[in-house]
Structures are given as C-alpha cells and as structure tokens.
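*Asks:* Number 59 in numbering that gives the first Met the number 0 belongs to position 60 of the sequence shown; there are no gaps in the numbering.
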Amino acid sequence: MAEEHNHNHEEENIIWITNEEGKEEAYEILFDFDSEDFDKSYVLYFPAGKGEDEEIEILASSYVQHEEGKQGELKPVETDEEWDMIEEILATFLADEDEE
0 MAEEHNHNHE
10 EENIIWITNE
20 EGKEEAYEIL
30 FDFDSEDFDK
40 SYVLYFPAGK
50 GEDEEIEILA
60 SSYVQHEEGK
70 QGELKPVETD
80 EEWDMIEEIL
90 ATFLADEDEE
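#1: To which residues of the same chain is His-8 closer than 8 Å at the C-beta, ignoring the five residues directly before and after it?
#2: As a quick exercise: from Gln-64, Leu-89, Asn-12, pick the residue whose alpha carbon is nearest that of Ser-40.
#3: Taking the straight line between their C-alpha atoms, what separation do you get for Glu-98 and Ile-14?
#4: Where do the ends of the beta strand (DSSP E) carrying Ile-55 lie?
#5: Is the Cβ-Cβ distance between Pro-46 and Glu-80 less than 9 Å?
#6: What does DSSP give as the partner residues of Val-63 in its beta bridges?
#7: Look at the alpha carbon of Met-84 and the alpha carbon of Gly-71, and state the distance between them as a whole number of angstroms.
#8: With 16 as the cutoff for other CB atoms within 10 Å, does Ala-59 come out buried or exposed?
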C-alpha cells in the first residue's frame, strides 16, 4: 500500500505517515540513500519521540520523490535482495555511528 508522506529534510527529518486507522504518526528519518543497483531511493526511519536509551524498530521503504520536493510516496521493499542491501548499509551506518 502506498502512503503519502512529507519528505522535507529541512523539517527536522520528520515524516508523517497515515496508519491503517487513518491516524497520522510522526517518524524520524535515520537516513536515506539511492541505489544504482535497484534504481530506487530508500529511506530508513523510526517512531519519533523515542529516547536514546529505548530500543527502537527501524523501518525501511523505497520512495518516489514528487516534482515539488515536499510530498513523496512510500513503497514497500519488494525483494530479499533489496532487504539484504538495506541491512548491509544499515549495519555499516550503525558501525560508523559507534566509532564516533
């Protein structure tokens, strides 16, 4: 199911996603990246408002950026190969964060 979201990086890296009940929920963008292998853009995000010591679930979606740059469309990750790539990039990102 495609969902509309606000993908404006100047807005404190927050996207708003409408859940199944029609309620908007805030998510903080961890990072986004483009994949030449899959010719897609991806975003990794987690529920906003979680404390640093809390365990968080990191979510991933591909997305299509609309022309105006403020609204985009989230799409599900479709293949195991995409998930493998996302997990590898996330592991590298987290390892780099631990070193800092």
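C-beta: ideal position from N, C-alpha, C; glycine also.
The structure presented is a predicted model; accordingly, all values stated were derived computationally and were not measured.
*Replies:* Let me spell this out:
#1: Counting from 1 along the sequence shown, the entry for residue 8 is found at position 9. The pLDDT assigned to His-8 is 42, lower than 50, so where the model puts this residue is not dependable; a value taken from the coordinates is nonetheless given after this. Its chain contains Ile-28 as the residues whose beta carbon lies nearer than 8 Å to that of His-8, once the 5 sequence neighbours on both sides are disregarded; these appear in chain order.
#2: Translated into the one-based positions of the sequence shown, residue 40 becomes position 41. The option with the nearest alpha carbon to Ser-40 is Gln-64.
#3: To locate residue 98, count along the sequence shown from 1; it is residue 99. To locate residue 14, count along the sequence shown from 1; it is residue 15. Roughly 27 Å between the two C-alpha positions.
#4: Here the question's residue 55 lines up with position 56 in the sequence shown. It is not in any beta strand (DSSP E) - Ile-55 carries neither H nor E in the DSSP assignment.
#5: Translated into the one-based positions of the sequence shown, residue 46 becomes position 47. Translated into the one-based positions of the sequence shown, residue 80 becomes position 81. Remark: C-beta atoms of Pro-46 and Glu-80 do not approach each other more closely than 9 Å.
#6: To locate residue 63, count along the sequence shown from 1; it is residue 64. Glu-72.
#7: Working through the sequence shown from its first residue, we reach residue 84 at position 85. Working through the sequence shown from its first residue, we reach residue 71 at position 72. Their backbone Cα atoms lie some 22 Å apart in a straight line.
#8: The residue you call residue 59 lines up with position 60 of the sequence shown. Burial check for Ala-59: the Cβ neighbour count within 10 Å reaches 16 or more, so the residue is buried.
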